[in-house]
Each structure stands twice: as C-alpha cells, then as structure tokens.
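Notes for the one structure printed next.
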Amino acid sequence: MITGLYAASTNLDAIIHQQDAIAGNIANAGVSGHKGETVVFRSFPDIMFEQQSPYIDKTSRANHVTGRIGTGVGVDWSYMNFQPGPLEYTGVNTDLTIDGDGFFMVETANGPRLTRNSKYTIQFNEDRTQGTLVTHEGYPLLGQKGQIKFPADQDLKVDAVGNVVAGNVVVDRLQLKTVPDKNVLLPESGALFNLEEKWQDDLQDAADATVQQGYVEKSNVNMLVEMARMIESYRNYEAAGNMITTLDRTLDLAVNEIARPV
Numbered sequence: 001m002i003t004g005l006y007a008a009s010t011n012l013d014a015i016i017h018q019q020d021a022i023a024g025n026i027a028n029a030g031v032s033g034h035k036g037e038t039v040v041f042r043s044f045p046d047i048m049f050e051q052q053s054p055y056i057d058k059t060s061r062a063n064h065v066t067g068r069i070g071t072g073v074g075v076d077w078s079y080m081n082f083q084p085g086p087l088e089y090t091g092v093n094t095d096l097t098i099d100g101d102g103f104f105m106v107e108t109a110n111g112p113r114l115t116r117n118s119k120y121t122i123q124f125n126e127d128r129t130q131g132t133l134v135t136h137e138g139y140p141l142l143g144q145k146g147q148i149k150f151p152a153d154q155d156l157k158v159d160a161v162g163n164v165v166a167g168n169v170v171v172d173r174l175q176l177k178t179v180p181d182k183n184v185l186l187p188e189s190g191a192l193f194n195l196e197e198k199w200q201d202d203l204q205d206a207a208d209a210t211v212q213q214g215y216v217e218k219s220n221v222n223m224l225v226e227m228a229r230m231i232e233s234y235r236n237y238e239a240a241g242n243m244i245t246t247l248d249r250t251l252d253l254a255v256n257e258i259a260r261p262v
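Numbering (this note's numbering), first residue to last: 1 to 262.
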C-alpha cells in the first residue's frame with residue numbers, strides 16, 4: 001500500500017514536469033524558430049538500477065532491466081524537436097531564415113547563442129547613419145567580422161550563402177553554424193540555444209545551409225497536438241491524485257478500523 005502511494009506521488013511529480021514543457025510549447029508557439037520540447041518518462045526501478053549497478057554503461061540508453069515492479073516513474077530526459085517549422089513569406093528584407101541544418105549566431109550579454117529565429121530589425125546609431133542587424137530583443141546578429149553593420153541609406157540584401165550586401169558592397173557574411181548532436185544544446189528564452197564550454201569543439205560551419213531573405217520560419221509546435229497532450233496530462237494527473245486519495249482512505253481504514261483491538 002505504501003508502495004502504491006509512492007508510485008502515485010512520483011507520477012504526479014513527473015506529470016508536473018511534462019505540463020511545464022507543454023505550457024512552454026504553447027506559450028512560445030508564436031515565436032519564430034521556437035522548437036517544441038518533449039519530456040520522456042521512465043520507470044523508477046530502471047533508473048535506480050542504472051545508478052547503483054557498476055555493470056551498466058550510463059552513457060547508453062540501450063540498457064534494459066530483466067523483470068521490473070511498478071514502483072514509480074521519473075523524468076528520464078527531455079529533448080527538443082529540431083525539425084524545421086513551416087516557412088511564411090513576408091517580403092521584409094530583414095526577415096532571414098535558414099533552409100537546411102544550421103543556426104544563426106547572435107551576441108547576448110551572456111555570450112554568443114545559436115538561434116533559428118528569423119525576425120530581425122535594424123538598430124540605428126545616434127545620427128542614423130549606420131545600422132546594425134539585431135533581434136527584436138536587441139541581440140546583434142553575428143557575421144564573420146562580428147556585429148553586422150552597414151550604411152543606413154543603402155538597401156540591404158542577403159544572398160543564399162549568407163553574404164550581406166549594402167548597395168553593391170558585401171559588408172559581411174553571416175555566421176551559419178551547427179553541431180552534430182543537437183541534444184547538447186540548452187534551450188533559453190527567445191528561441192536561443194546555449195552550447196556549453198565542453199561542447200564548443202563540436203561547433204562547426206553549416207556547409208549545407210542556405211539563407212532565404214524575406215521569409216520567416218514559424219515555430220514547429222502544433223497547437224492542436226499540444227492542447228491534446230495537455231488534456232491527456234491533466235487527466236493522468238487527476239487519476240494519480242484519485243489513486244492517492246483512495247489509498248489514503250484504505251490505509252486509514254486498515255490502521256484505525258481493521259486493526260482496532262476488540
């Protein structure tokens with residue numbers, strides 16, 4: 001009976017993490033380049049066995065435990081869906097999207113970040129003679145020379161390989177980067193991804209990526225699917241809560257009624 005209470009309570013905790021991920025997907029469904037997150041559950045005996053056994057390769061997910069008792073569930077891991085979102089034509093010359101495997105690089109207060117965000121704007125200097133391409137949060141888009149600056153009175157064009165042309169002069173070339181294993185990327189707000197120091201050597205040029213000007217990559221989150229998942233998650237949470245209530249009443253009956261001395 002106590003085991004049942006524990007199993008139900010771990011289920012509640014895991015579902016809360018799942019609901020947080022789903023809520024984040026729904027809240028950011030309108031953010032350009034946002035990637036949906038999925039939480040993966042795993043039975044507690046498997047997790048405990050891997051933590052305690054010296055014979056398990058903890059870097060592999062291909063291990064299986066022979067025989068298991070349902071004593072709870074936990075969050076195994078969460079992953080981002082890096083499938084590209086649908087493209088929308090806007091005709092705005094500061095809207096830039098990547099076709100293929102790759103990320104733009106932007107400069108933040110905490111260092112460079114990768115992003116698939118497609119919506120950029122021009123930030124002018126005080127006398128409005130020079131412009132800088134930035135995100136709507138104010139993070140400068142990075143080229144091979146650093147921040148992309150150009151004369152404010154010149155038309156801006158970006159070709160397929162990322163060359164930024166102001167007038168008839170190539171002022172810079174966009175940094176297009178990728179990593180072989182996308183699971184090492186840590187999501188941050190604003191459709192940004194951080195690559196930890198220990199994975200910096202994996203960062204490489206996105207040779208197969210091309211740039212399309214005047215297009216926006218929308219979020220790859222399907223709102224109908226996420227709403228259905230939220231309803232299912234809520235029902236699972238409700239069922240686990242009802243299980244705890246039932247077991248609590250049964251335990252109370254066993255302790256205070258059945259075990260009462262005559």
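Yeah, the Cβ is synthetic: ideal placement off N, Cα and C, and Gly gets one too.
For I148, no beta strand (DSSP E) segment is defined, and its DSSP state is neither H nor E.
For Q18, the enclosing alpha helix (DSSP H) starts and ends at I2 to A27. In terms of Cβ geometry, V216 and A160 do not form a close pair [threshold 8 Å]. Here S32 is buried. Its C-beta has 16 or more other C-beta atoms within 10 Å.
Around the beta-carbon of G30, fewer than 16 other beta-carbon atoms lie within 10 Å, marking it exposed. In the DSSP assignment, K119 forms a beta bridge with D95. The three-state secondary structure of S43, taken from DSSP, is strand. Each residue's CA atom was taken as its position, placing L87 and I98 some 10 Å apart.
S43 places its beta carbon 8 Å or farther from that of V75. A direct Cα-Cα distance of roughly 54 Å separates T115 from D252.
Secondary structure in the stretch 178 to 258: the beta strand (DSSP E) runs of 3 residues or longer, each lying completely within the stretch, are 185 to 188, 192 to 195, 210 to 213 and 215 to 217 in chain order. Nearest to K218 by alpha-carbon distance, out of I16, N93, R229 and S118, is S118.
In terms of Cβ geometry, Y89 and G214 form a close pair [threshold 8 Å]. Restricting attention to I2, Q18, S78 and N11, the CA atom closest to the CA of K182 is found in S78. Under the three-state reduction of DSSP output, E126 falls in the coil class, being neither helix nor strand.
Taking each of G143, L156 and Q204 in turn and checking the Cα distance to G91, the smallest one comes out for L156. In the three-state scheme derived from DSSP, where H, G and I count as helix and E and B as strand, V31 is classed as coil.
Counting along the chain, no beta strand (DSSP E) covers Y139, and no H or E run does either. Judged by DSSP in its simplified three-state form, A166 adopts strand. In the three-state reduction of the DSSP assignment, V161 falls in the coil class. Partner residues in the beta bridge of D172, as assigned by DSSP, are V164. Looking at the backbone, the Cα of Q144 and that of T3 are separated by about 59 Å. In this structure, DSSP gives G72 a state outside helix and strand, which the three-state scheme calls coil. The three-state secondary structure of F103, taken from DSSP, is strand.
Residue F103 holds the alpha-carbon nearest to the alpha-carbon of Q204 among F103, N256, T121 and N236. Judged by beta-carbon spacing, M105 lies beyond the 8 Å limit of Q200, meaning their Cβ atoms are not closer than that value. With respect to the C-alpha of V39, the residue from N28, N81 and S9 having the closest C-alpha is N81.
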